[in-house]
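Asker: There's a structure below that I have some questions on.
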Amino acid sequence: MKPTPHISEKKSLKDRLSAIVLCGPMTAWSLLFIVVPIVILAVMSFMTKGALGVIVPKFTLANYKALGDKVYLNVIVQSLIIAGWTTGLTILLGYPFATAMARMRARTSGVMMVLLMIPMWVSGLVIIYSFVILLNHSGIINTFLMHIGLIKSPKSMLYTNFSVICGMLYMFLPFAVLPMYSSIEKLDYNLVEASQDLGASPVRTFFKVTLPLTSPGIFAAVILTFIPCVGYYMVTDMLGGGTSMLIGNLIDRQFTIARNWPFGAALSMVLAIVIFAMVGIYTKLGGNLDDLG
1 MKPTPHISEK
11 KSLKDRLSAI
21 VLCGPMTAWS
31 LLFIVVPIVI
41 LAVMSFMTKG
51 ALGVIVPKFT
61 LANYKALGDK
71 VYLNVIVQSL
81 IIAGWTTGLT
91 ILLGYPFATA
101 MARMRARTSG
111 VMMVLLMIPM
121 WVSGLVIIYS
131 FVILLNHSGI
141 INTFLMHIGL
151 IKSPKSMLYT
161 NFSVICGMLY
171 MFLPFAVLPM
181 YSSIEKLDYN
191 LVEASQDLGA
201 SPVRTFFKVT
211 LPLTSPGIFA
221 AVILTFIPCV
231 GYYMVTDMLG
241 GGTSMLIGNL
251 IDRQFTIARN
261 WPFGAALSMV
271 LAIVIFAMVG
281 IYTKLGGNLD
291 DLG
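Written out as C-alpha cells, the structure is:
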C-alpha cells in the first residue's frame with residue numbers, strides 16, 4: 001500500500017524540521033565564528049591604517065602590494081619551508097609507527113595509542129620548556145654528547161630553525177600518525193600477499209600496492225600537519241628566539257605591537273588562501289574530508 005501524498009508531505013516536512021534542529025546550531029556556530037570573521041578580515045584587508053592604529057574605511061590595495069616586499073616574502077617562504085620540513089619528517093617517522101601499531105595486538109596497540117596521545121594532553125608551554133631544557137647550551141643533549149666525546153664544546157641548538165622543527169615535530173606527530181594508522185588498519189593484506197606471491201619484492205610491493213592504498217591517510221596527515229605548522233607561532237616565539245619569524249608571528253605582531261590591523265588582515269587572508277588551496281588539492285586527489293576529523 002502506497003503512502004498518501006498528505007502523509008508523504010508530513011513526513012518530508014518532519015524530516016526537514018529534524019535536519020534544521022540537528023544542523024542548525026552547528027551551522028549558526030560556523031557562520032558566526034568562522035565565516036563572519038573571515039569576511040570581516042577580507043574587508044579589513046582593503047582598508048587603511050590611520051593614526052594610532054585606527055582603521056580608516058578607505059579602499060586600498062597597499063596592504064597586498066606590501067606583501068611583495070622582500071622581507072615579507074622571505075617570511076612567507078621560510079614559513080612554507082619549515083612547515084614542509086616538519087610535515088615531511090612527521091610522515092617519515094609517523095608512517096612506520098602507524099604501520100607497527102596496525103600490526104600489533106589490540107591491547108598493545110591501545111598502549112601505544114595512549115603514549116602517542118600524551119603530547120595532546122600536555123600543555124604546549126610544558127612541552128616547549130621541556131625542549132628548552134633539552135636543547136640549551138647546558139642542556140641534557142649537549143651534556144650527553146660532551147660526556148661521550150662526540151663534541152668538545154656545547155653546540156647552538158636552541159633558538160634555531162632546528163629547535164623550531166623539533167618542537168613542532170613532537171607536537172604535531174600525533175596528528176600525522178592517526179589518519180595514517182586509520183588507512184593502514186583498513187588495508188587488505190591479501191593484496192600485499194598476492195603481490196608477493198606473484199614475485200614482487202617487498203620494496204616493490206610497498207611502492208606499488210601498500211603506499212597507493214594508504215595514500216588517503218598520508219594526504220590527510222600532510223593536511224593536518226602542514227596547515228597548523230604554517231600559522232603556529234608559539235613554538236617559533238619560544239624555541240626560535242625571534243630568529244625564526246614565520247607568518248603566524250608576523251600576523252601576531254601586526255595585530256598587537258604594530259597595531260596595523262589591515263596589513264595583519266591581508267596576511268591572514270594569504271594564510272587562509274594557503275589553507276583553502278591545500279584542502280582543495282586534497283579533495284581533488286580524492287581525499288575524504290572525514291579523514292581530517
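Oh and the sequence shown: position 138 is 138 in the UniProt record's numbering, straight run, nothing missing. Quick reminder that beta carbons are idealized off the backbone N, C-alpha and C, glycines included.
From residue 1 to residue 21, what distance separates their C-alpha atoms?
Answerer: Translated into positions along the sequence shown, residue 1 becomes position 1. Translated into positions along the sequence shown, residue 21 becomes position 21. With a pLDDT of only 49 at residue 1, under the threshold of 50, the placement of this residue in the model should not be trusted; the figure read from the coordinates follows. Looking at the two C-alpha atoms, the distance is approximately 31 angstroms.
Asker: Can you have a look at residue 140 and say buried or exposed, based on whether 16 or more other CB atoms are within 10 angstroms of its CB?
Answerer: Mapped onto the sequence shown, residue 140 falls at position 140. With fewer than 16 Cβ atoms within 10 Å of its Cβ, residue 140 is classed as exposed.
Asker: Unbroken alpha helix (DSSP H) runs of length 4 or more, entirely within the region 202 to 279: which are they?
Answerer: Those alpha helix (DSSP H) runs which fall completely within the region 202 to 279 and span 4+ residues are 202 to 205, 215 to 231, 234 to 239 and 247 to 255.
Asker: Taking the alpha carbon of residue 233 as the reference point, which residue from 219, 175, 279 and 250 has its own alpha carbon closest?
Answerer: Here residue 233 refers to the residue found at position 233 when the sequence shown is read from its first residue. Ranking 219, 175, 279 and 250 by Cα distance to residue 233 puts 250 first.
Asker: Would you tell me roughly how many angstroms separate the C-alpha atoms of residue 231 and residue 100, rounded to the nearest one?
Answerer: Here residue 231 is taken as the residue at index 231 of the sequence shown, counted from 1. Here residue 100 is taken as the residue at index 100 of the sequence shown, counted from 1. C-alpha separation (whole angstroms): 31 angstroms.
Asker: Can you list, in chain order, the stretches of the alpha helix (DSSP H) that have 4 or more residues and sit fully within the region 68 to 110?
Answerer: Here the runs fully enclosed are 70 to 103.
Asker: Buried or exposed: which applies to residue 282, given that a residue is buried once 16 or more other Cβ atoms fall within 10 Å of its Cβ?
Answerer: For this step, residue 282 is matched to residue 282 along the sequence shown. Result: buried.
Asker: Would you list the one or two residues that DSSP bridges to residue 49?
Answerer: For this step, residue 49 is matched to residue 49 along the sequence shown. Its beta-bridge partners are 55.
Asker: Specify the secondary structure class of residue 147 as computed by DSSP and reduced to three states.
Answerer: Translated into the one-based positions of the sequence shown, residue 147 becomes position 147. The answer is helix: DSSP assigns residue 147 an H, G or I state.
Asker: I believe residue 170 touches residue 127 by the beta-carbon criterion, under 8 angstroms. Please report the beta-carbon distance rounded to the nearest angstrom.
Answerer: What you label residue 170 is simply residue 170 of the sequence shown in a count that begins at 1. What you label residue 127 is simply residue 127 of the sequence shown in a count that begins at 1. About 6 angstroms separates the two Cβ atoms, so the contact holds.
Asker: Below 8 angstroms on the Cβ atoms is my contact criterion, and I expect residue 142 with residue 155 to pass it. Report the Cβ-Cβ distance as a whole number of Å.
Answerer: Numbered from 1 along the sequence shown, position 142 holds the residue referred to as residue 142. Numbered from 1 along the sequence shown, position 155 holds the residue referred to as residue 155. 6 angstroms between Cβ atoms; contact.
Asker: Which word fits residue 152, buried or exposed, when buried means at least 16 other C-beta atoms lie within 10 angstroms of its C-beta?
Answerer: Looking up residue 152 in the sequence shown gives position 152. That one is exposed.
Asker: Ordered along the chain, which non-local residues of its own chain (more than five positions away) have a Cβ less than 6 angstroms from that of residue 49?
Answerer: The residue given as residue 49 occupies position 49 in the sequence shown. Excluding positions up to five away in sequence, the list reads 260 and 262.
Asker: DSSP three-state label for residue 12, please.
Answerer: Here residue 12 corresponds to residue number 12 of the sequence shown, with the count starting at 1. Residue state, collapsed to three classes: helix.
Asker: Does residue 73 pass the burial test, meaning 16 or more other C-beta atoms within 10 Å, or should it be called exposed?
Answerer: Sequence index remark: in the sequence shown, residue 73 carries index 73 (1-based). Exposed, since its Cβ has fewer than 16 Cβ neighbours within 10 Å.
Asker: By alpha-carbon positions, which one of 187, 209 and 81 ends up nearest to residue 197?
Answerer: Indexing the sequence shown from 1 puts residue 197 at position 197. Of the listed residues, the one whose Cα sits closest to residue 197 is 209.
Asker: Taking the straight line between their C-alpha atoms, what separation do you get for residue 195 and residue 225?
Answerer: Counted from its first residue, the sequence shown places residue 195 at position 195. Counted from its first residue, the sequence shown places residue 225 at position 225. Roughly 32 angstroms separates the two Cα atoms.
Asker: Quick one: give me the first and last residue of the alpha helix (DSSP H) that residue 65 is part of.
Answerer: Residue 65 sits at position 65 when you count from the first residue of the sequence shown. Per DSSP, residue 65 belongs to the alpha helix (DSSP H) from 62 to 66.
Asker: For residue 175, tell me which candidate among 68, 222, 84 and 28 has the shortest Cα-Cα distance.
Answerer: Numbered from 1 along the sequence shown, position 175 holds the residue referred to as residue 175. Here the closest residue by C-alpha is 222.
Asker: Let's test the definition: count the other Cβ atoms within 10 Å of the Cβ of residue 181 and tell me whether it reaches 16, buried, or not, exposed.
Answerer: Start at 1 with the first residue of the sequence shown, and residue 181 comes out as number 181. So residue 181 counts as buried.
Asker: So the alpha helix (DSSP H) residue 37 belongs to, where does it begin and stop?
Answerer: Counting from one through the sequence shown, the residue named residue 37 turns up at place 37. Counting along the chain, the alpha helix (DSSP H) containing residue 37 begins and ends at 36 to 44.
Asker: By DSSP, does residue 24 sit in helix, in strand, or in coil?
Answerer: For this step, residue 24 is matched to residue 24 along the sequence shown. Reduced to three states, the DSSP call for residue 24 is helix.
Asker: Could you check if residue 149 is buried or exposed, using at least 16 other CB atoms within 10 Å of its CB as the buried criterion?
Answerer: Against the sequence shown, residue 149 aligns to sequence position 149. Looking at its Cβ environment, which holds fewer than 16 other Cβ atoms inside 10 Å, residue 149 is exposed.
Asker: Where does the unbroken alpha helix (DSSP H) through residue 197 begin, and where does it stop?
Answerer: Against the sequence shown, residue 197 aligns to sequence position 197. Counting along the chain, the alpha helix (DSSP H) containing residue 197 begins and ends at 189 to 197.
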